[in-house]
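Student: In this note's numbering, the protein residues as written are 63 to 444.
Where a beta carbon is used, it is the ideal one built from N, C-alpha and C, also for glycine.
Values in this document were obtained by computation on a predicted structure and should not be read as measured data.
Structure, rendered in structure tokens:
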């Protein structure tokens with residue numbers, strides 16, 4: 063008959079503490095103990111079942127093996143095999159323990175304090191969003207940013223224990239932070255479930271840092287933003303993220319770039335775009351306009367008969383990308399502006415001007431479009 067799950071036998075969750083296990087076993091023992099249930103075979107079996115479950119789950123190494131492999135992890139005959147390997151299982155498992163130790167979180171033989179401990183964890187990476195003007199993104203700048211950090215707790219001196227006390231070595235792993243599990247020929251090391259890899263137990267935590275040995279603070283950094291960055295780019299500041307625990311290296315800080323909209327320019331890669339309003343007289347007769355660039359003003363010549371939508375390219379007046387390559391261009395798109403708020407005199411002049419226009423010769427695009435419209439309706443006739 064298959065054995066029941068030990069956690070189910072005691073009626074506890076899989077993350078139950080030793081105290082939870084003790085309470086659960088005490089209830090089961092009082093209910094099914096043979097002295098309370100004479101000549102009751104069913105009660106006797108349940109008592110034995112609860113005793114076995116309690117013995118396994120309160121032993122850190124057995125519990126770790128059971129959590130990993132179930133009842134098979136507790137079978138001492140699993141490593142015997144055929145051909146008499148059981149006699150040499152000790153040496154054989156040590157060989158495989160050395161091979162697989164690093165894969166499963168261990169370090170060979172454990173060494174001294176902290177050598178194979180799993181309590182040291184690299185700090186988390188952090189992201190800081192910074193918003194720049196277009197000019198700052200194009201020419202580069204330096205920004206001051208504040209990021210969270212941890213400093214050693216002055217109350218406990220960084221050891222996490224209440225003032226006047228100190229941490230003690232974990233008696234489950236012997237202070238190594240790792241426990242060894244035996245599964246057949248394989249010997250696997252895992253983080254100690256009692257001390258979580260620290261190798262020591264803090265019986266009375268420091269009230270200020272709650273046993274962490276460190277308190278949260280802030281630090282100010284100067285981040286240099288290189289010229290040519292754009293929205294979506296990010297800069298990595300190595301080791302400036304969240305500090306690691308117990309001497310582990312810190313994470314990285316990623317500065318995420320965002321560029322604000324500009325009132326004149328739009329950026330597309332290394333090029334800049336802008337609209338240039340032109341009155342219809344200048345567009346018709348030609349002229350010159352002052353056009354802004356990030357380097358200052360330039361004079362743009364508008365040829366006669368320039369149409370709305372015409373694009374003029376100003377070479378090397380764009381952006382040099384942070385990824386390299388040449389400087390982009392500034393592309394100026396002409397927008398012919400229709401006059402507004404006309405006086406009666408101006409309106410009369412425009413009507414006279416319209417009368418003077420020779421249809422087709424002065425407005426070739428309009429004539430061409432009207433011809434296409436006329437052909438379209440002609441083809442629709444039945």
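Measure the C-alpha to C-alpha separation of residue 217 and residue 223 and round it to an integer number of angstroms.
Tutor: So the two alpha carbons sit approximately 9 angstroms from each other.
Student: Per the DSSP calculation, residue 287 is bridged to which residue(s)?
Tutor: Answer is 203.
Student: Please determine, among 362, 372, 328 and 194, the residue with the shortest C-alpha to C-alpha distance to residue 322.
Tutor: Residue 194 is the option with its Cα nearest to residue 322.
Student: Please report the Cβ distance between residue 335 and residue 393, rounded to the nearest whole angstrom; I am assuming they are in contact, meaning their Cβ atoms lie under 8 angstroms.
Tutor: Between residue 393 and residue 335 the Cβ distance is about 5 angstroms, and since that is below 8 angstroms, they are a contact.
Student: What's the C-alpha gap between residue 351 and residue 363?
Tutor: Using only the alpha carbons, I get a separation of about 7 angstroms.
Student: Could you check how far apart the C-beta atoms of residue 281 and residue 209 are, in whole angstroms? I think they sit under 8 angstroms.
Tutor: Rounded, the Cβ-Cβ distance is 6 angstroms, consistent with contact.
Student: Once you ignore the five residues that flank residue 66 on each side, which residues in its own chain have a CB closer than 8 angstroms to its CB?
Tutor: If we look at residue 66 and ignore the five residues flanking it on each side, its Cβ neighbours are 111.
Student: Which same chain residues end up closer than 6 angstroms to residue 400 when comparing Cβ atoms and leaving out the 5 residues on each side of it in sequence?
Tutor: So no residue of the chain qualifies.
Student: Kindly identify the DSSP beta-bridge partner or partners of residue 94.
Tutor: None; residue 94 has no bridge partner.
Student: Just to confirm, are residue 304 and residue 290 a CB contact at a threshold of 8 angstroms?
Tutor: Not a contact, by the Cβ cut-off of 8 angstroms.
Student: Please state whether DSSP places residue 83 in a helix, a strand or coil.
Tutor: Of the three classes helix, strand and coil, the one that applies to residue 83 here is helix, per DSSP.
Student: For residue 355, does the three-state DSSP call read helix, strand or coil?
Tutor: In the structure shown, residue 355 sits in a strand (DSSP, three-state: E or B).
Student: So, is residue 438 buried or exposed, given that buried needs 16 or more other C-beta atoms within 10 angstroms?
Tutor: Classification for residue 438: exposed.
Student: Put residue 122 into one of helix, strand or coil per three-state DSSP.
Tutor: Looking at residue 122 - three-state DSSP - the assignment turns out to be helix.
Student: Throw me the rounded Cβ distance for the residue 353 and residue 343 pair, which I believe falls under 8 angstroms.
Tutor: Between residue 343 and residue 353 the Cβ distance is about 18 angstroms, and since that is not below 8 angstroms, they are no contact.
Student: Could you tell me the distance, in whole angstroms, from the CA atom of residue 288 to the CA atom of residue 340?
Tutor: Whole-angstrom Cα-Cα distance: 36 angstroms.
Student: Using a 10 Å radius around the Cβ and a threshold of 16 neighbouring Cβ atoms, would you call residue 230 buried or exposed?
Tutor: Answer is exposed; the Cβ neighbour count stays below 16.
Student: Mapping the DSSP letters down to three states, classify residue 131 as helix, strand or coil.
Tutor: If DSSP states are grouped into helix, strand and coil, residue 131 belongs with the helices.
Student: Report yes if the CB atom of residue 115 is closer than 8 angstroms to the CB atom of residue 255, and no otherwise.
Tutor: Taking 8 angstroms as the Cβ cut-off, residue 115 and residue 255 do not qualify as a contacting pair.
Student: One question on the structure: do residue 263 and residue 215 come within less than 8 angstroms of each other, judged by their Cβ atoms?
Tutor: Taking 8 angstroms as the Cβ cut-off, residue 263 and residue 215 do not qualify as a contacting pair.
Student: For the alpha helix (DSSP H) that residue 374 lies in, which residues bound it at each end?
Tutor: Run containing residue 374: none in the alpha helix (DSSP H); it sits in the beta strand (DSSP E), 373-376.
Student: For residue 341, does the three-state DSSP call read helix, strand or coil?
Tutor: In the structure shown, residue 341 sits in a strand (DSSP, three-state: E or B).
Student: If we call anything under 8 angstroms between Cβ atoms a contact, is residue 190 one with residue 318?
Tutor: Yes, the Cβ-Cβ distance between residue 190 and residue 318 is below 8 angstroms.
Student: Roughly how many angstroms separate the alpha carbons of residue 82 and residue 188, rounded to a whole number?
Tutor: Taking the straight line joining both Cα atoms gives about 38 angstroms.
Student: Where DSSP assigns a beta bridge to residue 231, which residues make up the other side?
Tutor: Residue 231 is bridged to 262.
Student: Look up residue 57 in the DSSP assignment and give the residues it is bridged to.
Tutor: This structure gives no information on residue 57, because the portion of the chain shown stretches from 63 to 444.
Student: Starting from residue 304, trace the alpha helix (DSSP H) in both directions and tell me its first and last residue.
Tutor: Residue 304 -> no alpha helix (DSSP H), and no H or E assigned at all.
Student: So, with DSSP's three-state summary, where would you put residue 164?
Tutor: For residue 164, the predicted structure reports a pLDDT of 32, less than 50, and the residue's modelled location is therefore unreliable. The matter cannot be settled from this model.
Student: What separation, rounded to the nearest whole angstrom, lies between the Cα atoms of residue 68 and residue 130?
Tutor: Rounded to whole angstroms, residue 68 to residue 130 spans 13 angstroms at the Cα level.
Student: If the criterion is Cβ atoms closer than 8 angstroms, does the pair residue 213 and residue 284 meet it?
Tutor: No. Outside cutoff.
Student: Using the three-state DSSP reduction, which class does residue 437 fall into: helix, strand or coil?
Tutor: Here residue 437 sits in helix by DSSP.
Student: Considering Cα atoms alone, identify which of 227, 228, 253 and 220 is closest to residue 234.
Tutor: Among 227, 228, 253 and 220, the Cα nearest to that of residue 234 belongs to 253.
Student: Starting from the Cα of residue 297, find the closest Cα among 275, 330 and 202 and give me that residue.
Tutor: The candidate whose alpha carbon is nearest that of residue 297 is 202.
Student: Out of curiosity, what's the CA-to-CA distance linking residue 310 and residue 77?
Tutor: Rounded to whole angstroms, residue 310 to residue 77 spans 27 angstroms at the Cα level.
Student: Residue 414 lies in the beta strand (DSSP E); which residues open and close that run?
Tutor: That residue, residue 414, is in no beta strand (DSSP E); its alpha helix (DSSP H) goes 406-418.
Student: Check for me: the alpha helix (DSSP H) holding residue 71 runs from which residue to which?
Tutor: Unbroken alpha helix (DSSP H) run through residue 71: 68-72.
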